[in-house]
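Using my numbering, count along the sequence shown one by one with no gaps and you end on 997.
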Amino acid sequence: MTQPVALTINGRRRDDQVEPRLLLVHYLREVAGLTGTHIACDTSQCGACTVLIDGEAVKSCSVFAVQANGRKVTTIEGLAENGTLHPVQQAFWEEHGLQCGFCTPGFIMAAAYLLQQNPSPTDEEIERGLEGNLCRCTGYENIRRAVHSAARAMSGATDAASAQLVGSAAAPVED
Ligand code: FES
Ligand code: FES
């Protein structure tokens, strides 16, 4: 048995028929073909699958696709605009906030959400804000540095960056 699901991903509307048990992360990767959202633990512990739903960071392995019906989803593929990296992506690159990169899409989505909520977080606030994301490679120091760097970059362009982040989630539906 399948069920209709209609959602807007990175500003584009999709209509599909899915099994009610299909997790959002599997829908994004296997139905929508957006493999930038990673899956590792499948039990809501690692954060590799983090996306934004209506602008809020959510672990997409903890949500059924049908629960996202009618919502706006932003994935890592939706952060860059017109070939320009989102400031958080740029900062992770410049500060080497990754090694193997498997956890990186989830960290970037979570960090972008954190900076939207708190434009100038302390070390402690970064640790708390990203505690749902696990990295097995970096030791977290460069990730913390990247978030601070992104915060500084965004402080001069807070409105634009914030609009970019929410914009891909809230952009008008395209057919
Ligand atoms: S795959 Fe979703 S939290 Fe690990
Ligand atoms: S960079 Fe390898 S798991 Fe984080």
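Backbone N, C-alpha and C define an ideal beta-carbon position, used for all residues, glycine too. All values derive from a computational prediction rather than experimental measurement.
Quiz item: Should Ala973 be counted as a contact of ligand 1 given a C-beta to heavy atom distance under 6 Å?
Solution: Translated into the one-based positions of the sequence shown, residue 973 becomes position 151. No; taking the cut-off as 6 Å, the Cβ of Ala973 has no heavy atom of ligand 1 nearer than that.
Exercise. Measure the C-alpha to C-alpha separation of Ala781 and Ala968 and round it to an integer number of angstroms.
Key: What is shown of the chain runs 823 to 997, which leaves residue 781 out entirely.
Quiz item: Taking just the CA atoms, how far does Thr824 sit from Glu878?
Solution: By one-based count along the sequence shown, residue 878 stands at place 56. By one-based count along the sequence shown, residue 824 stands at place 2. Looking at the two C-alpha atoms, the distance is approximately 27 Å.
Quiz prompt | Asp997 (DSSP reduced to helix, strand or coil) | solution = Counting from one through the sequence shown, the residue named residue 997 turns up at place 175. Low confidence applies here, because Asp997 scores a pLDDT of 36, under 50, leaving its location unreliable; read the following figure in that light. DSSP places Asp997 in coil when its eight states are reduced to three.
Self-check item: Phe863, buried or exposed, once every other Cβ within 10 Å from all chains shown has been counted against 16
Solution: Here residue 863 is taken as the residue at index 41 of the sequence shown, counted from 1. Note that residue 863 is Cys in the sequence shown, not Phe. So Cys863 ends up on the exposed side.
Exercise. Output the distance between the C-alpha atoms of Cys871 and Gly855, rounded to the nearest integer angstrom.
Key: Translated into positions along the sequence shown, residue 871 becomes position 49. Translated into positions along the sequence shown, residue 855 becomes position 33. Their Cα atoms are separated by approximately 14 Å.
Exercise. Could you name each continuous beta strand (DSSP E) segment of 3 residues or more that falls completely within the stretch 840–920, going from the start of the chain to the end?
Key: 872–875, 878–881, 894–896
Quiz item: Exposed or buried, Asn955, counting other C-beta atoms within 10 Å across all chains shown (16 or more means buried)?
Solution: Here residue 955 corresponds to residue number 133 of the sequence shown, with the count starting at 1. Asn955 is buried by the Cβ-count criterion.
Quiz prompt | Close beta carbons around Asn891, own chain, < 7 Å, minus the five adjacent residues each side | solution = Along the sequence shown, one-based indexing puts residue 891 at 69. The residues are Val827, Ala828, Leu829.
Quiz item: Are the stretch 958–972 and the stretch 913–922 touching by the rule of at least three beta carbon pairs closer than 8 Å?
Solution: yes
Quiz item: Rounded to a whole number of angstroms, what is the C-alpha to C-alpha distance between Arg851 and Arg835?
Solution: Translated into positions along the sequence shown, residue 851 becomes position 29. Translated into positions along the sequence shown, residue 835 becomes position 13. Taking the straight line joining both Cα atoms gives about 16 Å.
Quiz item: Taking the C-alpha atoms as reference points, what is the distance between Ala992 and Ala933?
Solution: If you number the sequence shown from 1, residue 992 lands on position 170. If you number the sequence shown from 1, residue 933 lands on position 111. For Ala992, the predicted structure reports a pLDDT of 37, less than 50, and the residue's modelled location is therefore unreliable. A value from the coordinates is still provided. For Ala992 and Ala933, the distance between alpha carbons rounds to 19 Å.
Quiz item: Quick one: is Ser1000 buried, meaning 16 or more other Cβ sit within 10 Å of its Cβ, or exposed?
Solution: With the chain represented from 823 up to 997, any question about residue 1000 goes unanswered, as that position is not in the structure.
Practice problem: For Ala862, verify whether its CB is less than 6 Å away from any heavy atom of ligand 1. | Solution: Reading the sequence shown from its first residue, position 40 is the one you call residue 862. Checking every heavy atom of ligand 1 against the Cβ of Ala862, one is found closer than 6 Å.
Self-check item: N-terminal and C-terminal residue of the alpha helix (DSSP H) that Leu937 is part of
Solution: Stepping through the sequence shown from its first residue, residue 937 is reached at position 115. Here the alpha helix (DSSP H) through Leu937 covers 926–939.
Quiz item: Within 7 Å (strictly less), CB to CB, does Lys881 reach chain D?
Solution: Reference to chain D is not applicable here, since this structure consists of a single protein chain.
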